[in-house]
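To start, the structure itself, in C-alpha cells.
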Amino acid sequence: MDRQDRAQSAQTSSFINYPTPQAHDVPYKAGPEPANPVVKGALLNILASVITTVPYLPSFLYANAGFPSLRKIKELDNVEARFEPVVIPTAAPNDEPLGSYTDVHAPHVKALLAKKREGGFYTIADFHDAYKRGSFTPVDVVIGLLPLIRRDVSDRSPHSTAFIDSKLDLVRQAAEKSAQRWKEGKPLGLLDGVPFAVKDEMDVKAYKRFVGTKHDFTEGKEVETSWCVRMLEEEGAIMIGKTNMHEIGMDVNNNNPNWGTPRNPNNQDYYCGGSSGGSAYAVASGLVPFAIGADGGGSIRIPSNFCGLYGLKPTHGRVSIAPCLNFANTNTVQGPLAANMLDLAISFRVLSKPDPSNSTSRHFAPPRPLSSPTKKTLGVYKPWFDRADPEVQEHCSSALRYFSTELGYKLVDISIPFVHEGQLAHAMTIMSEAHSSQLRDTSYLTAANRVLLKVSQQTPAADWLLAQRLRHLIMQHLAHLFQTHPDLIIITPTTPNAGWPIQAGEMGSGLFDGNTQIRTMEYVWLANFTGVPAIQFPVGYAETKHGDGKVPVGMCGHGEWGSEESLIQFGFDGEKWLHEGYKEGRKMPGAWVDVLKGATRT
22 MDRQDRAQSA
32 QTSSFINYPT
42 PQAHDVPYKA
52 GPEPANPVVK
62 GALLNILASV
72 ITTVPYLPSF
82 LYANAGFPSL
92 RKIKELDNVE
102 ARFEPVVIPT
112 AAPNDEPLGS
122 YTDVHAPHVK
132 ALLAKKREGG
142 FYTIADFHDA
152 YKRGSFTPVD
162 VVIGLLPLIR
172 RDVSDRSPHS
182 TAFIDSKLDL
192 VRQAAEKSAQ
202 RWKEGKPLGL
212 LDGVPFAVKD
222 EMDVKAYKRF
232 VGTKHDFTEG
242 KEVETSWCVR
252 MLEEEGAIMI
262 GKTNMHEIGM
272 DVNNNNPNWG
282 TPRNPNNQDY
292 YCGGSSGGSA
302 YAVASGLVPF
312 AIGADGGGSI
322 RIPSNFCGLY
332 GLKPTHGRVS
342 IAPCLNFANT
352 NTVQGPLAAN
362 MLDLAISFRV
372 LSKPDPSNST
382 SRHFAPPRPL
392 SSPTKKTLGV
402 YKPWFDRADP
412 EVQEHCSSAL
422 RYFSTELGYK
432 LVDISIPFVH
442 EGQLAHAMTI
452 MSEAHSSQLR
462 DTSYLTAANR
472 VLLKVSQQTP
482 AADWLLAQRL
492 RHLIMQHLAH
502 LFQTHPDLII
512 ITPTTPNAGW
522 PIQAGEMGSG
532 LFDGNTQIRT
542 MEYVWLANFT
552 GVPAIQFPVG
562 YAETKHGDGK
572 VPVGMCGHGE
582 WGSEESLIQF
592 GFDGEKWLHE
602 GYKEGRKMPG
612 AWVDVLKGAT
622 RT
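According to my numbering, the sequence shown holds residues 22 to 623 in order.
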C-alpha cells in the first residue's frame, strides 16, 4: 500500500459504510427535453380517470418518461446495488461533547452570536434579547401571531394559508411556561420562547397528520411527537402550528387544492416551492425565524431558494425522523429552513442530536463547533452548471468569483457521471417507495398524484435494481472526489430556473406540469439519492415577467457525508456575499410581517 492509499484508508476508516472511492469517467450527455402536456382544471381530473382505468397507458407514460433508459448503461454491469445512502461519520477518540447547543455562555454559541448580523429579518437572538430586556414576553408574541395563522375564523388572514392547524391552547400554554421562566430569570437558553413551525409531514402530539391530503394518517390515534420537534421544545422553543405542504410531497411547487396554496412572499404571482412550501412561507413572511421541513427531492432547498431563505438538507439519517410517516425512506430527511445563517446553525445543532432509539441517528457523531477549513475548495461540473438559465448562471458565477477573489476559495473543475440518468433513477426510486408504503389506496389523492402513483406502479424490479446500482456508482465517484479534494464542496445552482410563476386556472383542481417539475429538480436530486448534505442560500434576485417583485436566486453546496459544519461555515460566507458583495443587497419580501413590533406588551 503506497502513501496515497494509506492516507485514503485512514480517511475512509472514520466512517461507517463509506463507499469505495472509484472514479467513473463518463462524458457529459444531456437528456432529452421533457415533452409532457401541462394539464390543469377539469381536464386533469379526466386525465387521471383515463390513466387509472385504460390498460397500457400507464406503461406508455413510464416509457415516455425515459425510465427504461437505465437498461442501456453498460457501466452498471459490474456494480452492486446499494439500497440506502447511509454513510456515518464517527467521532474521533479525542472528541468531547459540546454540551448545550443553546447556552448563551458556551464558547461555541458565543462564537455564533459574534458573527455579524444584518438588519431586516429577525433572528433567534433578537427574540432572546427582547425577552431579556423585558420589552415583551413570549405570551405577547403568540398573542400577536395566532390571529395571523388561524384557519378556524371567518375573517382569515392571507398568512393562514401557509398553515394546516394550530392548537391555540397548547401554544398559549407553552408561551406562558416560557414567560414564567423568563420572569424567574431561568430561561432554558437561546431558544426559550422563540416561535417555530413544523411541516405537516411530521408527528406532533395532539395534532392530526394529513401530509397535505384530506386524509388523517393518524386515524384518530394519539401520536408521539417527532424527535426533532421534541428537541426544540425541550429547549423552550414554541411550536405554533403545522404548515401546509404539497400533497404527499410529490411535487415541488406547493400547489395544494386541499388546503390552499400559499403565494411567494417576494412575489404573489409565484409559487413558494415545495414540498415544504408552508414552512418556507412562514419564515419568509417573518412569522417565525426558522421552521422544520423535509427533503426527499429538494423539498427544503427548493422552497428556500424560491423564497430567498437558507436551507439545509442534512446527511441521510443524521436527523432522526422517528416516528415520522415517511413515504420515501431512502431519500428523505428532515432539516431546518431559516431566514439567516445564525438560526440555521442553531436549529440544525438541536435537530441533529443523536437519537438513542433510532438505529441510524444514534451512531452519528454530535455536531462540532464551527472552524474555518484549512482548504476551501469549490468544485463545479461546468456542462451541468451551464444547464441553468442565463440569469441564474450569472448570479451564481458572481458569487463564485467573490468566494475565489475575496474569501480564498479555490475553484476546481470536476465531473459527475450520468447526471441525467441519476435524476431518472432518483425519481423512479422515490415514486416506487411512495407507492409501496402507505399509499396503495390513492382514492383520496388529487388527480395529479393519482397519475404519478399509477405510473410508478409500472416500475419492474429489474429497472428498480438498476437505479440502485446507479446510486452506488455515483456514490463511489463522489467518494473519489472527496478523497481527491479534501474539504470539497460541489457547487450547483439550487434550481436552473428563477422561481415558478402561477398561471391562470391552476389553483382549483391542481396542476400536472412534469416539464417544469423535472427542470426544477435538475440539481437537487443528487444530495437525496447519494445521502450527502447540501446547503442552499440566496445569491441574488431575478427580474420577473409576472406580478410585482423580483424572485430570489439560490446556490447549493454539497459536502462530504457528515460535513454539515463545513457547509454551515460556507453558508456564513454566502451570507457575507449577499450583504457585502451583491450590489443590491438583501431584499425584504413584500409580505413580510414585523411580529416583534406587533407583540404588544400585556
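Here a beta-carbon is modelled for each residue, glycine too, at the ideal position from N, C-alpha and C.
Nothing here was measured: the structure is a model prediction, and the numbers come from that model.
So, under 8 Å CB-CB, residue i and residue j are touching, yes? Tell me the CB distance rounded to an integer number of Å.
| i | j | result |
| --- | --- | --- |
| Lys220 | Ala315 | 6 Å |
| Ala469 | Phe385 | That pair is no contact at about 36 Å. |
| Ala488 | Met449 | 5 Å |
| Asn265 | Trp248 | The Cβ separation is near 22 Å, so there is no contact. |
| Gly155 | Pro208 | 12 Å between Cβ atoms; not a contact. |
| Phe217 | Met260 | 6 Å |
| Phe424 | Leu445 | The Cβ separation is near 32 Å, so there is no contact. |
| Ile321 | Lys334 | 5 Å |
| Leu97 | Asp484 | Their Cβ separation, rounded to whole angstroms, is 11 Å, which puts Leu97 and Asp484 out of contact at 8 Å. |
I'd like to confirm the pairing. Which residues does DSSP put opposite residue i in its beta bridges?
| i | result |
| --- | --- |
| Phe624 | Because the chain spans 22 through 623 in this model, residue 624 falls outside it and cannot be assessed. |
| Cys291 | Reading off the sequence shown, one finds Tyr at residue 291, where the question assumed Cys. DSSP output for Tyr291 lists Pro522 as bridge partner(s). |
| Arg284 | Tyr292 |
| Ala555 | Lys334, His579 |
| Asp186 | Lys263 |
| Ile37 | Ile109 |
| Gly62 | Gly62 pairs with nothing; no bridge assigned. |
| Tyr562 | Pro573 |
| Phe533 | Val60 |
| Thr398 | Lys431, Leu509 |
| Phe311 | Ala359 |
Looking only at its own chain, which residues have a Cβ that is under 6 Å from the Cβ of residue i, when we skip the five neighbours before and after it?
| i | result |
| --- | --- |
| Thr158 | Ala200 |
| Tyr83 | Val476, Gln479 |
| Lys85 | Just to set this straight, residue 85 is Asn in the shown sequence, not Lys. Correct list: empty, nothing qualifies. |
| Glu596 | Met362 |
| Val440 | Trp405 |
| Pro344 | Asp224, Glu245 |
| Val125 | Leu211 |
As a quick exercise: from the options, pick the residue whose alpha carbon is nearest that of residue i.
| i | options | result |
| --- | --- | --- |
| Glu105 | His579, Thr551, Pro310, Ser584 | Thr551 |
| Cys417 | Asn326, Pro481, Thr463 | Asn326 |
| Ser464 | Ala69, Ile539, Ala56 | Ala69 |
| Tyr49 | Tyr77, Trp405, Asp434 | Trp405 |
| Ala303 | Val413, Pro42, Ser187, Tyr423 | Ser187 |
| Lys608 | Met223, Asn361, Asn549 | Asn361 |
| Val162 | Asp213, Thr505, Ala135, Asp594 | Asp213 |
| Asp272 | Gly298, Gly257, Asn288, Pro283 | Gly298 |
| Ile185 | Gly611, Ile259, Val174, Gly233 | Gly233 |
| Arg540 | Asn277, Ala56, Gly606, Val125 | Ala56 |
| Ala51 | Val340, Ile437, Glu412 | Ile437 |
| Ser178 | Arg284, Leu547, Phe591 | Arg284 |
| Ile599 | Ser80, Glu412, Gly329, Ala44 | Reading the sequence as shown, one finds Leu at residue 599 and not Ile. Per the Cα distances, Gly329. |
| Ile580 | Pro522, Gln504, Glu601, Asn536 | The sequence shown places Gly at residue 580, rather than the Ile named in the question. Minimum Cα distance to Gly580 is reached at Gln504. |
| Thr182 | Ser300, Gln497, Ile589, Val250 | Ser300 |
| Asp46 | Lys263, Ser341, His501, Met528 | His501 |
| Leu494 | Val340, Val616, Ala102 | Ala102 |
| Thr467 | Asn66, Ser35, Pro514, Tyr39 | Asn66 |
| Glu527 | Lys93, His456, Asp290 | Asp290 |
| Ile269 | Ile37, Leu474, Tyr122 | Leu474 |
| Leu119 | Val130, Ile512, Glu427 | Val130 |
| Gln524 | Ser35, Val59, Gln43, Phe36 | Val59 |
| Ala620 | Lys263, Glu442, Gly165 | Gly165 |
| Ile323 | Ser453, Lys397, Ile556 | Ile556 |
Within its chain, find whatever has a CB closer than 7 Å to the CB of residue i; leave out the 5 residues flanking it on each side and keep chain order.
| i | result |
| --- | --- |
| Ser584 | Pro554 |
| Ile451 | Gly317, Gly318, Ala349, Asn352 |
| Val700 | A query on residue 700 cannot be resolved here, the shown segment of the chain reaching from 22 to 623 and no further. |
| Gly570 | Asn287, Asn288, Gly611 |
| Ala28 | Because Ala28 carries a pLDDT of 49, less than 50, the predicted location of this residue cannot be relied on, and the following value inherits that uncertainty. The answer is none, since no qualifying residue turns up. |
| Lys618 | none |
| Leu191 | Ala227 |
Under a CB-based cut-off of 8 Å, is residue i close to chain D?
| i | result |
| --- | --- |
| Asp615 | Absent here is chain D; the protein component of the structure consists of one chain. |
So, at 8 Å on beta carbons, what are the nonlocal neighbours of residue i in its own chain, with the 5 sequence-adjacent residues on each side left out?
| i | result |
| --- | --- |
| Asp410 | Pro517, Asn518, Ala519 |
| Val614 | Leu169, His180, Ser306, Gly307, Leu308 |
| Leu78 | Val71, Ile72 |
| Arg408 | Ala51, Pro517, Glu543 |
| His456 | Leu474, Ser477, Gln478 |
The ligand NAP and residue i: does any heavy atom of the ligand fall closer than 7 Å to the residue's C-beta?
| i | result |
| --- | --- |
| Asn66 | Ligands are entirely absent from the displayed structure, and the ligand NAP is therefore not among its contents. |
Where are the alpha helix (DSSP H) runs, 4 residues long or more, that stay fully inside the stretch 98-168, in chain order? 128-134, 145-154
Only counting runs of 3 or more residues, tell me where the beta strand (DSSP E) segments fall wholly within the stretch 189-221, in order along the chain. 216-220
Please give the ranges of any beta strand (DSSP E) in the stretch 409-443, keeping only runs that are unbroken, at least 3 residues long and fully inside the region. 431-434
Taking the runs of the beta strand (DSSP E) that are 3 residues or longer, which of them lie wholly in the stretch 458-523? 509-514
Which runs of the beta strand (DSSP E) fall wholly inside the stretch 313-365 and span at least 3 residues, in chain order? 331-334, 354-359
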